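Asks:
In structure tokens form, the structure reads like this:
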């Protein structure tokens, strides 16, 4: 049972439902529609809060606030109510914002102060929490709930004072080491790393800023030209900025935006990565976002910091095409651009186009590693892929046709500007840019191909004797062949040219022509009835690709193109089977993938998707197939070697060959489409129960968490399904150690959506059932954001397995005090439904429901009283207590035991029924088919009934007669 302190605390976080309109208001004012609407919305919000639907309650309060005068008592009440809902969801920063706003109108409001105190404590802002606790204690000395909090916070504040004094000494000592003339480089590095650790602590970060830490750290970078020390300084800056806007602005003011660009211009990958992370932290803080955590930019905050964000982004974009920028630095800049331009982040696409950033990116797209002039940029093998992804994200960030038309117009202007040049270099660069566009925003690429003379120019280049022209045009033909219907000319005319180029003695030309032929030959997709080339041609092309792939003497570029060829040909089931049987080719494919070169991502992963048949296929409904045949419409045919036994065998061979390690390496890509493909392969592997352990052992679980948080919507759901499958069959604490157990909850919860397939719903529920057993923090994460209502929805489903899984999940969540409180709330039928479903036809569902009810009634008197609200309670409890199934019988007797112990009135209702006879029958010695623990429970229940003086002990003596 709950103590009076706990009851008081519970009351304090309930929404305010008793405030009346201020006295003195006229009848005209009260009758205003806005007031009625806001009052109605507030009442609806309160009901939703009471039912545990906090997210919807917040929406109601927010709408009501828009209809209420600012700085009014009504607005303050709504803010307090919304803060109560945010508190339940664990959104403590928003609790602070709302309660602070309410306190501006009603400074002595105890409830607002109490809620803000709770939020401050959760945010580990103990000093402010202590101040609010003192205020509550002063305003309401009889409030018993604040006493233990005040004591607890007092201890924390004292500890903080001691820690701050100790931290101050550490900070001063570390800076003495950093700037000391006699300090060795080794000790200076150790001091710099210690500063990074101190920056992660709140007290340490504040003291470092007070001690002019930014200036001193910059001085260290100039004093000691040491890469490791400089990386430590950059990391320290990043930690100081995290989740703190004032500090971020102060640091930016001291170091300047130019510092970021200058330090990205390095040939050290580790150093550039550190600076890139620092820049992303700055943007995250200024825009209130965290893509990794699924937190989109806060529009209000981004607007407040718009000028600073624009300055940073414009500097990044303009630096992309800098001739002096290092190749690694350029790739980092492109990654920052692609991460922050789309609608999920800063939504900077429009601004990038208008500020000339698109032209800068197109300049990068026109570069070739093979062309080296004084004006050439330094690029890597990954640069073209990066710029193609960036161009694609910008294009799809355009939210209307007019914007996209403007984008295409600027692209055409760039291409035409290149084509007007007299040099062949200009035409090569124009073709290269078109290739990048066809790999990214394909509509813009097709617009370029539609320009008069462009296709003919590319075909003429392919027919020339110049190797560079042949190579660039072959790549363009390959990219153009993706959309056969839009590039008929280039496909029809290009096929003959590609066949001619395939005869070239230059392997770089030969392999590109080979890929082009593979791409055209695979245009029928996985439809076994469509063959572009003659029978056996696909196998011959695949054999040629495998020769390039397995030859260790071939350079990586040739092998990369060979994999791309296989990515098209492996749509053919015959090619899949021949490839999977070639151990050396499979090993070469995986070895190439393991190297982590992101330029091979698409080819490698597409090949793996095809081998595992994890691509999207439309469900073939037999009735529609027959109808299509009758109408003489083409019906796609599935190859016999794409049957499940073949697919399972291929998946197993790939897993045993180490494909998981390869996928982990490739998952670093920034391409959302590639992430989706990687998630598909992982999910195909996790479909086989015996392979899930291998995925976890080789680091796949950690990668899947990242894939479930970033990428396309389909990709995130696919990764979440793979995580669910792992959580179903493995101990979650082993599969997802530490904090990762809580991290997987949100993506798995996303599968509880009507748009997801029934199998995904079922697997998510099963996974959450296992996760709910891990720890209170994981259960809290499940309950956050209306987790319980989402799960409970499936308890009402007709599908037996969904209903069972949801009930089992609720049973495991029932150990949470918060769930118990939700079931205790008035005006909801949760307990009633739990009683009813305890009589479900499915035995496992009945066991789960009755088990949940037994746990609930063991800790809650209110829930015990609610059991009797169900009309069929007696019939159901009798069935359970007298059930032949020992587990159901145990649960039934436990529920009856709890009801008898709950109160005299509850016990009385039980004793007046046949349940008394069932309890007595269970305790008889001759009943030997009932477990002893059940007999003991029944005996204890009868003893309690005796204590309530509802029954008497049978002594065996005859009663007195008249």
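Residue numbers (the UniProt record's numbering): 1 to 962. Using N, Cα and C, we set each Cβ at its ideal position, and we do this for glycine too. Quick caveat: nothing in here was measured; it's all calculated off a predicted structure.
#1: Spatial neighbours of residue 887 within its chain, please: C-beta separation below 8 Å, excluding the five flanking residues on both sides.
#2: Would the beta-carbon of residue 509 fall within 8 Å of that of residue 467?
#3: Using 8 Å as the Cβ pair cut-off and three pairs as the minimum, do the stretch 318 to 337 and the stretch 234 to 251 touch?
#4: If we call anything under 8 Å between Cβ atoms a contact, is residue 365 one with residue 391?
#5: To which residues does DSSP link residue 295 through a beta bridge?
#6: At the level of alpha carbons, what is the spacing between residue 880 and residue 761?
#7: Which runs of the alpha helix (DSSP H), 4 residues or longer, sit entirely within the stretch 559 to 613?
#8: Among residues of its own chain, excluding the 5 on either side of residue 808, which ones have a beta-carbon nearer than 6 Å to its beta-carbon?
#9: DSSP three-state label for residue 407, please.
#10: Check this for me: beta carbons of residue 703 and residue 612, under 8 Å apart or not?
#11: Could you check whether the stretch 928 to 936 touches the stretch 903 to 912, counting it as contact only if at least three pairs of C-beta atoms, one from each stretch, sit closer than 8 Å?
#12: Return helix, strand or coil for residue 732, following the three-state DSSP convention.
#13: Would residue 757 pass as an interface residue toward chain D - the criterion being a Cβ-Cβ separation below 8 Å?
#14: Quick one: which unbroken alpha helix (DSSP H) runs of 4-plus residues sit fully inside the stretch 380 to 436? Chain order, please.
#15: Which ranges does the alpha helix (DSSP H) cover as unbroken runs of at least 4 residues, wholly within the stretch 760 to 830, from first to last along the chain?
#16: Contact defined as beta carbons within less than 8 Å: I believe residue 812 pairs with residue 51. What is the distance between those atoms, to the nearest angstrom?
#17: Terminal residues of the continuous alpha helix (DSSP H) containing residue 1002?
#18: Quick one: grab the DSSP three-state call for residue 948.
#19: Using the C-alpha atoms, what's the distance from residue 340 back to residue 244?
#20: For the stretch 254 to 268 against the stretch 307 to 315, do three or more pairs of beta-carbon atoms, one drawn from each stretch, fall closer than 8 Å, so that the two count as touching?
#21: Residues in its own chain within less than 8 Å of residue 182 by CB, not counting five upstream and five downstream?
#22: Buried or exposed: which applies to residue 897, given that a residue is buried once 16 or more other Cβ atoms fall within 10 Å of its Cβ?
#23: Which parts of the stretch 47 to 135 are runs of the alpha helix (DSSP H), unbroken and 4 residues or longer, counting only runs that do not cross its ends?
#24: Might you give, ordered along the chain, the residues of its own chain that have their beta carbon closer than 7 Å to the beta carbon of residue 786, omitting 5 neighbours on each side?
#25: Taking residue 838 and residue 853 to be in contact with their CB atoms under 8 Å, please state how far apart those CB atoms are, rounded to whole angstroms.
#26: To the nearest angstrom, how far is the alpha carbon of residue 735 from that of residue 701?
#27: To the nearest angstrom, how far is it from the Cα of residue 943 to the Cα of residue 202?
#28: With respect to the alpha helix (DSSP H) encompassing residue 682, which residues constitute its N-terminal and C-terminal limits?
#29: Under the three-state reduction of DSSP, which class applies to residue 200: helix, strand or coil?
#30: DSSP on residue 323, reduced to helix/strand/coil?
#31: To the nearest angstrom, how far is the alpha carbon of residue 796 from that of residue 642?
#32: To the nearest angstrom, how far is the alpha carbon of residue 437 from that of residue 388?
#33: Pick helix, strand or coil for residue 466, following the three-state DSSP scheme.
#34: By alpha-carbon positions, which one of 127, 725 and 595 ends up nearest to residue 155?
#35: Going by other Cβ atoms of all chains shown within 10 Å of its Cβ, with 16 needed for buried, is residue 579 buried or exposed?
Replies: Inspection of the coordinates gives the following:
#1: 847
#2: yes
#3: no
#4: yes
#5: 290
#6: 29 Å
#7: 573 to 581, 583 to 594 and 601 to 611
#8: 769 and 848
#9: helix
#10: no
#11: no
#12: helix
#13: No chain D appears in this structure, which consists of one protein chain only.
#14: 383 to 396 and 401 to 419
#15: 776 to 783, 787 to 793, 800 to 813 and 817 to 824
#16: Their Cβ separation, rounded to whole angstroms, is 21 Å, which puts residue 812 and residue 51 out of contact at 8 Å.
#17: As displayed, the chain neither begins before 1 nor continues past 962, which places residue 1002 out of reach and without an answer.
#18: coil
#19: 19 Å
#20: yes
#21: none
#22: buried
#23: 54 to 66, 73 to 89, 92 to 105 and 110 to 122
#24: 53, 54 and 55
#25: 6 Å
#26: 7 Å
#27: 57 Å
#28: 672 to 686
#29: helix
#30: coil
#31: 37 Å
#32: 6 Å
#33: coil
#34: 127
#35: buried
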